[in-house]
Amino acid sequence: MPDTMREMEETKRKLDTSHTRKGLVLLTISYTAIATLIAASILNFLLGLLIAIADLVGIVGGLLIVIGRDSFGRAHSRNTILSVLFFIISIVTITAGKILFGATLVLSQIPNGTITYGNTTSSTVNPHLISYIASMMAAALAGLAIVFLTYALHRKTGRIILSISYITFLTLTILMTALVLQGFEIRSSITLDLSSLQEMRYQYEIIQLLTIIPTLAFAFSFYLALRRINRREIPESNRTENLAPHSENSNRLRPLSSNISK
Numbered sequence: 001m002p003d004t005m006r007e008m009e010e011t012k013r014k015l016d017t018s019h020t021r022k023g024l025v026l027l028t029i030s031y032t033a034i035a036t037l038i039a040a041s042i043l044n045f046l047l048g049l050l051i052a053i054a055d056l057v058g059i060v061g062g063l064l065i066v067i068g069r070d071s072f073g074r075a076h077s078r079n080t081i082l083s084v085l086f087f088i089i090s091i092v093t094i095t096a097g098k099i100l101f102g103a104t105l106v107l108s109q110i111p112n113g114t115i116t117y118g119n120t121t122s123s124t125v126n127p128h129l130i131s132y133i134a135s136m137m138a139a140a141l142a143g144l145a146i147v148f149l150t151y152a153l154h155r156k157t158g159r160i161i162l163s164i165s166y167i168t169f170l171t172l173t174i175l176m177t178a179l180v181l182q183g184f185e186i187r188s189s190i191t192l193d194l195s196s197l198q199e200m201r202y203q204y205e206i207i208q209l210l211t212i213i214p215t216l217a218f219a220f221s222f223y224l225a226l227r228r229i230n231r232r233e234i235p236e237s238n239r240t241e242n243l244a245p246h247s248e249n250s251n252r253l254r255p256l257s258s259n260i261s262k
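Going by the numbering used here, 17 is the number at position 17 of the sequence shown; the sequence numbering is gapless.
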């Protein structure tokens, strides 16, 4: 019976490790592809549409890591659940933002003198303000989901890379959102300043290119976690297996050494 339980645990551990390894491979490929496509989308907008496919690959990789979480300790299991919660909340946030955007846009067209939108005085919030702030909040939550997904699989260096990547990603997201909202203000003003819009578009593209840095850093962090698994550093049970032969050899040598001393 104990042998059967041990075999079941070993099978479960190998399955979890396989799922996690595959998930990390997919995430590494996904984020590397996203960084490449961000750069390519500056030259060709249609290439930027492929980012959605890379995102789907990343989601599949994340699901595999969640499925294989049990054998990597309580901390990793807890963090993956938190990651899923952050991801779900981010989807709810962006969905609510789109709904509010549509509702506010409809209300802004009511010609009653108080609810207007455009070049006239408005008593409502700019619909685009709601949409982009919701998108920014969703991006922040999705970034937290990425950090928590593999945080417990890393040593100190990997965790620092994850944290700095998230802070950089969040900062760039806020800057891009601010530029877009500023652009909408200029477009809705009475005097349209095309030169200012062109300058803001140039700044936006530069910041968008800078997002390649945290994206590649995330990809590198996934690779670091994958390398720890390939080196059998994690899950913890691998360490005990590696140490077991050494302990057996030492136990065998003890009687010999005691006989020699006698």
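Glycine included, C-beta positions come from ideal geometry on N, C-alpha and C. Predicted model, so just to flag it, every value in this text is computed and none were measured.
- For Leu-50, the three-state secondary structure derived from DSSP is coil.
- For Thr-80, the uninterrupted alpha helix (DSSP H) run begins and ends at 74-107, by DSSP.
- If you draw a 10 Å sphere on the C-beta of Asn-230, you find fewer than 16 other C-beta atoms in it, and that means exposed.
- A straight-line Cα-Cα distance of about 55 Å links Arg-228 and Leu-107.
- Counting along the chain, no alpha helix (DSSP H) covers Tyr-151, and no H or E run does either.
- The residues Leu-162, Tyr-166, in chain order, have a CB closer than 6 Å to that of Val-147 in the same chain once the five nearest residues on each side in sequence are set aside.
- Glu-10 carries a helical assignment under DSSP once its states are collapsed to helix, strand and coil.
- The alpha-carbon separation between Val-180 and Phe-220 amounts to approximately 30 Å.
- DSSP places Glu-199 in the uninterrupted alpha helix (DSSP H) bounded by 194-210.
- In the three-state scheme derived from DSSP, where H, G and I count as helix and E and B as strand, Asn-230 is classed as helix.
- Remark: C-beta atoms of Ser-77 and Leu-149 do not approach each other more closely than 7 Å.
- In the structure shown, the three-state DSSP call for Pro-214 is helix.
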